[in-house]
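The numbering of the sequence shown is the UniProt record's numbering, which starts it at 1 and goes up by one.
A quick write-up on the structure given underneath.
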Amino acid sequence: MRRPYPRRASTLPARALRRRRAQPKVVALGGGMGLSASLAALRRITGDLTAVVTVADDGGSSGRLREELGVLPPGDLRKALAALCGDDDWGQTWARVIQHRFQSQGDLHEHAVGNLLIVALWEQLGDHVQALDLVGRLLGAQGRVLPMSAVPLELQALVRGHDPARPDDVDTVCGQATVALTPGEVQSVHLVPHDPPAVPEAVAAVLDADWVVLGPGSWFSSVIPHLLVPELLDALVETKARRVLSLNLAPQPGETAGFSPQRHLEVLARHAPKLALDVVLADEAAVPDRESLADAAKWLGAAVELAPVARKDGLPKHDPELLAAAYDRIFRMHGRIGPWR
1 MRRPYPRRAS TLPARALRRR RAQPKVVALG GGMGLSASLA ALRRITGDLT AVVTVADDGG
61 SSGRLREELG VLPPGDLRKA LAALCGDDDW GQTWARVIQH RFQSQGDLHE HAVGNLLIVA
121 LWEQLGDHVQ ALDLVGRLLG AQGRVLPMSA VPLELQALVR GHDPARPDDV DTVCGQATVA
181 LTPGEVQSVH LVPHDPPAVP EAVAAVLDAD WVVLGPGSWF SSVIPHLLVP ELLDALVETK
241 ARRVLSLNLA PQPGETAGFS PQRHLEVLAR HAPKLALDVV LADEAAVPDR ESLADAAKWL
301 GAAVELAPVA RKDGLPKHDP ELLAAAYDRI FRMHGRIGPW R
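Right under this line is the structure:
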C-alpha cells in the first residue's frame, strides 16, 4: 500500500491537461447505500465530485454517538467517504478500515472505526467541513463529502397503519430508523427543526454544479430529506445545473413497499412542487409500465432514460460500472453546460 504523494506541477501536455479538466462538476445528494452506489459510479467518470449527505440517522453506531456526544450522525458520511476511495491498494485498504466494526461484549461493540475517526476530528477541529476534508485527504478520496446541515436532524413521518391493530389511523412516527422499517404506509415526512440551516459549502456546490444527481436510496429517509432543508431546496430550484433523479431497483420493504416507479416521482413532487428535473434514470427491467413512468416524469419536466444498471447476480443493487456508463451517457446526450463544455 503506497501513500499518495502531494500533488506536483503537472508535466502533461497542454492538450492532455485540457482533456483532464473537461469534466462535469457533479453534486450527488442522498444517504446510505444508495448514495454510495451513485458515488462509486460517478467517481469513475469525473474528478469534480461532491457528495451532500443526510444527517438524520438515529440508529446503530451513529445513533449512539449522536445521543452520547450530541454530534451529527457520522455513519452516512463515512459510507460516502468509503465509496469515494480509489480502487488501488491505498484506497481499498482505507475503505475497509473505516467500514470496520468492532465486535465485543463492551461499549465498542458495533461501532465503526470511521465513525469514531470522524467524530474525533470534529471535536479536535471544531469544524464539520474541515474535518471531513481532512479525512478525505487521508483516504485519498476522489471527491468531497459534506453534510447537508450542521445540526443533527430528526425525521418525522405521518404513517397510516403504523400500528397493525389500527390500520386506518395516521400516526406521527419519529426517527429515521423507525420510519425506514415502518409496516405502515408513509404519507409524508418532515424534519425537526422544520427549517434547519444548510451547510454553506453544500449550497455553493449545488449552485456551481453542471449536474446534480438525486438518489437512489431510501426514498423518505435519504432522498426526500434534502428537499426539506429550505436553503438547499432553493439552491436545487435555482441552480443552472441539470438534475437527474436515479430511481431504486426495487421498492424498499416498509418504507416504500408496493410503490411503482412513477409513485416515487409523485411522492417527491408532493414534497417539493417547485423542483423540476431534467432526466429520470431507471433500470429497464424495473419498470413494468414505461408509459406511466414517462407521464409522471413529464410532470416534472424530465425525460426518462432506461438502462441496465443492476448487478447480474439478481440482487437489487446497482453495478458501479453499468451505473457509471448510464450517467456518462446521460451527461453527454443531454447537453453540456458550464465550464466543462
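Backbone N, C-alpha and C define an ideal beta-carbon position, used for all residues, glycine too.
No experiment lies behind these values; they were computed from the predicted model shown.
By DSSP's criteria, residue i is part of a beta bridge. Which residues make up the other side?
i, result
"residue 25", "48"
"residue 162", "In the DSSP output, where bridge partners are listed per residue, residue 162 has none listed."
"residue 246", "281"
"residue 174", "156"
"residue 94", "According to DSSP, residue 94 bridges with nothing at all."
"residue 212", "27, 243"
"residue 318", "310"
Apart from the five residues just before and just after residue i, which ones in its own chain have a Cβ nearer than 6 Å to its Cβ?
i, result
"residue 319", "311"
"residue 341", "Per-residue confidence for residue 341 stands at a pLDDT of 43, beneath the threshold of 50, marking its modelled position as unreliable; the derived number appears in the next sentence. Closer than 6 Å at Cβ, skipping near neighbours: no residue."
"residue 162", "171, 173, 182, 184"
"residue 324", "41, 44, 45"
"residue 11", "A caution first: residue 11 carries a pLDDT of 38, below 50, which makes its placement in the model unreliable, though a value can still be read off. Taken in chain order, the list of residues that qualify is empty."
"residue 15", "Legend: pLDDT at residue 15 = 44, less than 50; position of this residue unreliable, value from coordinates given subsequently. The answer is none, since no qualifying residue turns up."
"residue 157", "173, 179, 186, 189"
Would you mind reading off the limits of the alpha helix (DSSP H) that contains residue i?
i, result
"residue 264", "261-271"
"residue 124", "113-125"
"residue 151", "Taken as a continuous stretch (DSSP letters only), residue 151 belongs to no alpha helix (DSSP H), as it is neither H nor E."
"residue 230", "230-238"
"residue 130", "128-139"
Ignore the nearest five residues each way along the sequence and tell me which others in residue i's own chain have a CB closer than 8 Å to its CB.
i, result
"residue 36", "79, 80, 82, 83"
"residue 227", "233, 236, 268, 271, 272, 275"
Can you give me the start and stop residues for the beta strand (DSSP E) that residue i sits inside?
i, result
"residue 185", "185-192"
"residue 303", "303-307"
"residue 342", "With the chain covering only 1 through 341, there is no way to say anything about residue 342."
Using C-beta distances below 7 Å, list every residue in its chain close to residue i, excluding the 5 sequence neighbours before and after it, in chain order.
i, result
"residue 334", "242, 278, 279"
"residue 115", "61, 62, 65, 74, 75, 78"
"residue 284", "306, 307, 308"
"residue 23", "46, 47, 48, 340"
Look at residue i and residue j and say whether their C-beta atoms are less than 8 Å apart.
i, j, result
"residue 129", "residue 117", "no"
Q. Counting pairs of Cβ atoms below 8 Å between the region 116-126 and the region 157-175, do you hit three or more?
A. No, the region 116-126 does not touch the region 157-175.
**Q.** the region 48-57 contacting the region 103-121, beta-carbon criterion three pairs below 8 Å
**A.** The region 48-57, when compared against the region 103-121, does not touch it at the 8 Å Cβ threshold.
**Q.** Touch test, the region 224-235 against the region 67-76, Cβ-Cβ under 8 Å, three pairs minimum
**A.** The answer is no - the region 67-76 does not touch the region 224-235, with fewer than three Cβ pairs under 8 Å.
Q.
Is it the case that the region 255-266 contacts the region 201-214, given that we only count it when at least three CB pairs across the two stretches are under 8 Å?
A. These segments do not touch.
Q. Is it true that the region 144-156 meets the region 185-195, where meeting means three or more beta-carbon pairs spaced less than 8 Å apart?
A. Output reads yes: the region 185-195 touches the region 144-156.
Q.
Would you call the region 21-30 in contact with the region 300-310, where contact means no fewer than 3 C-beta pairs closer than 8 Å?
A. The answer is no - the region 300-310 does not touch the region 21-30, with fewer than three Cβ pairs under 8 Å.
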